Each structure stands twice: as structure tokens, then as C-alpha cells.
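Data block below; observations after.
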Amino acid sequence: MTELETLIRARCPIVMLLTWEEQRAVAAIEQLCVAPDLKRMLFTWTETEGLVNVALPQRQDPTTRDPLRVLDEVLAGTHPAVYVLKDYHCFLREHEVVRRLRDCVAALKQGPIPRNLVLLSPVQVIPPELEKDLTVLDFDLPDLEQRAAILATVEEGLRRPGKVKVTLDQGTRERLLKAAQGLTAAEMENALARAIITRQALDAETIPLILAEKKQIIRKSGVLEYYAPEDEFADVGGLEALKRWLRKRSAAFTERARQFGLPEPKGVLLVGVQGCGKSLTAKALAALWRLPLLRMDVGRLFSGLVGSSEENLRRAIRLAENLSPAILWIDELEKGFAGVGSSNLSDAGTAARVFGTFITWLQEKRAPVFVIATANDVTQLPPELVRKGRFDEVFFVDLPDAEERRQILAIHLRKRNRRPADFDLERLADLSEGFSGAELEQAVIAGLYEAFDADRPLCTADIANSIRETVPLSQMMAEEINALRRWAQTRARWASDSAWRLPGEPPAN
Ligand SMILES: Nc1ncnc2c1ncn2[C@@H]1O[C@H](COP(=O)(O)OP(=O)(O)OP(=O)(O)O)[C@@H](O)[C@H]1O
Ligand SMILES: [Mg+2]
């Protein structure tokens, strides 16, 4: 709002204010307008009601409903005023409207009577003709204080009938307000109302309902997916160096870390062999750090199913920032940004622009959003991505060594209620040279089928047999994997402690 006030005073002709919350935004602008040192009339416009003076809401003029007519009214205005046009973005595709807006720009900038246009819209649409004359602002979601006020109003409303039990101690209250972060005022009110109606209470049990509401919102956005923490960090076998690095940053987003002088971590890129635990690590990290995990599907970003790619990325980033502190998981990065800069892509321009936006955000982001990106095929990745300063670190996830294979086998046996001590893991680890974590898991499952079919307990031989019957992917892809390792030798850190080395070269870590 301070920024908007500055823009209004500086006679910025058109501001596009991005928000879903029309009511709250108009109320905030009204507050600016009545300030004695600004003193502006406030008009709102909708296609259904036309131009309305907020101070005289009953006086409507249907002829002003036309999107061109309203601009004439603005041009003809004789009082210092702010005009808030709602959902005007729909008309920004019409050439006449854009032209008339440009006429307004000159008049609003230089005319004797200060007037501003504020376009209130949930989506960003900027015709190139207006790029230089239009400023975009995000209307912030309710902050902690405002959310506390919303909660207080809801509680106030409950006190009177006295049927609903309110048991919120200080800690619960704080957690509830934190859970509601990222919701609009209306969404928070609705979520609270729904929770109260279903349970006739306002207490610690309300928090999961608020979180569920948040998941809904993420799903509706179409660009991000919310993952509930399921996999534990202990479910990841091996990758000790990577796990240490992540564990060390567990408290990285706390106030204590800031005061100690630590910068907020940006993110990490995991590159490596298929099925060796990259996605698994991302999921387990959410549980370790106890932060919401938001998965961004890069393929979907570009699919054109849900709006333009740039707008999609912007939305995803905004959503992640609104829900921060959070982990933004960008899976299979190369799917979206492959071949950026090369001309053999059908829409290389768009990909490059979106990539640029992403890189800039990664480098300059302020909100506590930790990015964990994963990729298979590094040859497809633009080299700028791995340059220092983008990600905090690039890790290479190799095939597990014998000790790691033992751990992974133990994990998957335990997951299926078997005691690892009952099996000869040394032998199985020896047999499964070149297997990925995913293949080891499959071997355990295949062994289980064998035993189940023969109606006897699972034994080492069952798993050994399925290992022998499997040709690991690494055998068919030896060339590719060695190329990956060579790439990683100079550009990445090994995720495991014991690592494959090129003969005669120094250790990577
Ligand atoms: N290090 C590991 N420890 C335990 N389980 C593992 C490990 N690596 C892989 N797995 C098993 O294999 C499955 C697939 O692994 P994951 O999806 O993490 O592979 P990935 O590295 O993301 O592969 P891709 O490159 O194909 O996406 C996991 O869900 C897990 O069950
Ligand atoms: Mg994966």
C-alpha cells in the first residue's frame, strides 16, 4: 500500500494491482484516498455496474458500463481521483481499448488534475503497447497481524451464541495463524467457518482443516502439487554427504540463523542416475525440515493447459512465496529447460524467457523458499544453471556402492515388515553390483512374490534369484553413466561418501 501510495502521488498513470481480494484491496485504496494530504475521490468500475463513486454508491450510470466509455469519463474527470477498474484485463486484448488507454496515459501524466487508473485483476495481462506506462504491484495477502484480526473477529462472532467451544492457548493460536498464511482473507474466513460448522469448536484440531483448505488452493492453481511428508529421511539409503549437507541446514530458515549471520539457503540441484533416490530425497527433506513440499511440474508449466508458461511460473513462484517457508521441488528440470538457447526447439523464445525469469528469481529471491531441483540428463541443461551463485550446491547422485546397496536393501525389507538381520545382506549387495535403488526395491518385491507363491517365508535366496534375473539399467547405459560421472567430476559434489573416480584423478569431494 505504501508503494501504491507513492505511485499515486508520483502520478503513475496506470497501476495493475494483482489480487483476488477485490473488497480488501478497494478498502485499502479507500483509506489512502481519504488521507487529508492526498484527498482523492474514489471510483470503482465493473462491467456490470459501470462507474460508481464510492462515496455515493446509489448513483449509477449504466452508460458507463462500456469499457471504452469509462475511459472517456476518466479523461473528462474534473476532480482529483483514483479510478479502480475491476477485471479490466479482459478488455486488454482489444486494440481500441489499448489505444484509448494510451491516450489516457498522456492526459493523466501531464493534465492539471491528478488522476490515476488502478486495474484490479487476479491475473497479469500486459499488452506490449502499455509495457512502459504500466506498473505491476502485488497486493499482499493478509500478514500475521491482519490474520490475527480476522481470527479475533471470528471469535467475537462466536462469543455471543456461546455454543461453539473455543480453546486456543497462545501456542495453538500461533500455529493456527501460521497455518493460515497464504490464504486470502475470504479464504481464511471460509476455512474457519467450515471448521466451526463441522466440529462446533475452535481449537488445535482446526489447524489440519485450515491446512486442507490450503492444499485445495494449491491444487486449484494447477501449477503446483502439495506433498504431505511421508518418506522419512531414514528411508534414504546411502547419499551420506548429501544428507549431512541437508541436515546441517535444518534450522536455516530460523530467526536464530539470521541473527548468527547466515544467509538463507537458495537451493540445491541433484543430478544423477535414474532411480537412485533424487526424488526420494526431495520428499524426505520435507519431513526432515517439517516444511510444506510443493512440486512444480516443469512439463506442465509449458503444456499450455493452464495459461501461458510465463504466467504459470510467476503464479507458481508467488504461491510458493505465499506459503513460505516452504520447499519448492522442481522435478525433472531438463524437461522444461532442455535446449534453452538452441534453435531446434519449436518455441525456444518462450523457453528462454521462462528460464531467464526462473534464474533471476533463484538468484535474487528473498522469501524463504528452498529450491530442490532434480535432473537426469545434464547435457540438456543450460550451463548457466550450474554456475556458482545459482544453487548453493550441485550434487551428483551416483549408483549406490556395496555398503549403500546393503542399506537400501535393509530399508526396503524393513518397510515390508521383514527383519534385515534375517538376511545375508553382504551377499545380496555383492550380487547387485550396478543396481540402482529402484532396482533393489524391485528385487525385494520380486522375491516377496516368489516366497508368497511358494507359501513360505521370504529368504535371501528369493532376493538373490531376482537379482540374478535382472539386467540393471546401468549395464545398458554404461556409456551415458560414465559421461555423467565425467561431467560431475568438475562440476558437482558427490552425494555419497565413497565415490567412483576417474583413474588417476583426485577425489571429487
Ligand atoms: N537411496 C535410496 N534409498 C532407498 N530407496 C531408494 C533409494 N534410491 C531409490 N530408492 C527407491 O527407488 C524409488 C525410486 O527412486 P527415486 O524416484 O528417488 O529416483 P530418482 O533418482 O528420482 O530417479 P529418476 O531420475 O528416474 O526420477 C524410490 O521411491 C525408493 O523406493
Ligand atoms: Mg525422480
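Take any residue in the sequence shown, count from 1 to its spot, add 520: that is its number in this note's numbering. The beta carbon of each residue, even a glycine, is placed where N, CA and C say it ideally should be. Note that the structure is a prediction, hence the values are computed from the model and not measured.
Classify residue i as helix, strand or coil using the three-state DSSP reduction.
i, result
"T564", "strand"
"T894", "strand"
"E989", "helix"
"K908", "strand"
"W849", "strand"
"D557", "coil"
"D689", "coil"
"L839", "helix"
"Q580", "strand"
"L537", "strand"
"V574", "coil"
"N1002", "helix"
"S863", "Legend: pLDDT at S863 = 48, less than 50; position of this residue unreliable, no value from coordinates given."
"T793", "Just to set this straight, residue 793 is Val in the shown sequence, not Thr. V793: coil per DSSP, three-state reduction."
"F915", "strand"
"L805", "helix"
"N636", "strand"
Among the options, which has the Cα closest to the Cα of residue i?
i, options, result
"Y603", "T564, E523, E841, S956", "T564"
"P556", "T566, E569, P600", "P600"
"Q794", "I850, D897, S844", "D897"
"R820", "A836, I670, K559", "A836"
"R613", "L588, K629, E1000", "L588"
"V686", "T692, L722, L800, R680", "L722"
"I520", "P888, P785, R531, R925", "Not covered by the structure: residue 520. The range shown for the chain is 521 to 1029."
"A872", "R886, A887, G856", "G856"
Determine the contact status of residue i and residue j, defining contact as a CB-CB distance below 8 Å.
i, j, result
"V574", "L637", "no"
"L524", "V535", "yes"
"L843", "Q666", "no"
"E913", "V788", "yes"
"G570", "R560", "no"
"A1008", "V791", "yes"
"N832", "V756", "no"
"L839", "T801", "no"
"T980", "R947", "yes"
"T870", "S829", "yes"
"L537", "E550", "no"
"D918", "S1016", "yes"
"I931", "A963", "no"
"K763", "F753", "yes"
"K786", "L661", "no"
"R635", "L628", "yes"
"V906", "R1013", "no"
"T726", "L696", "yes"
"L650", "L605", "no"
- Is there contact here, the segment 728-742 with the segment 700-715, by at least three beta-carbon pairs under 8 Å? Result yes; three or more Cβ-Cβ pairs closer than 8 Å.
- Query: Counting by C-beta, which residues lie closer than 6 Å to a heavy atom of ligand 2, in chain order?
  - Reply: Having a Cβ closer than 6 Å to some heavy atom of ligand 2 are K798, S799, D851, T894.
- Query: On the three-pair Cβ rule with 8 Å, is the segment 848-856 touching the segment 879-895?
  - Reply: The segment 848-856 is in contact with the segment 879-895.
- Query: Okay, do the segment 899-914 and the segment 804-814 touch, 3+ Cβ pairs below 8 Å being the bar?
  - Reply: No, the segment 899-914 does not touch the segment 804-814.
- Message: Quick check: the segment 990-1000 against the segment 950-963, are at least 3 beta-carbon pairs closer than 8 Å?
- Response: Taking 8 Å as the limit for Cβ pairs, the verdict is that the segment 990-1000 does touch the segment 950-963.
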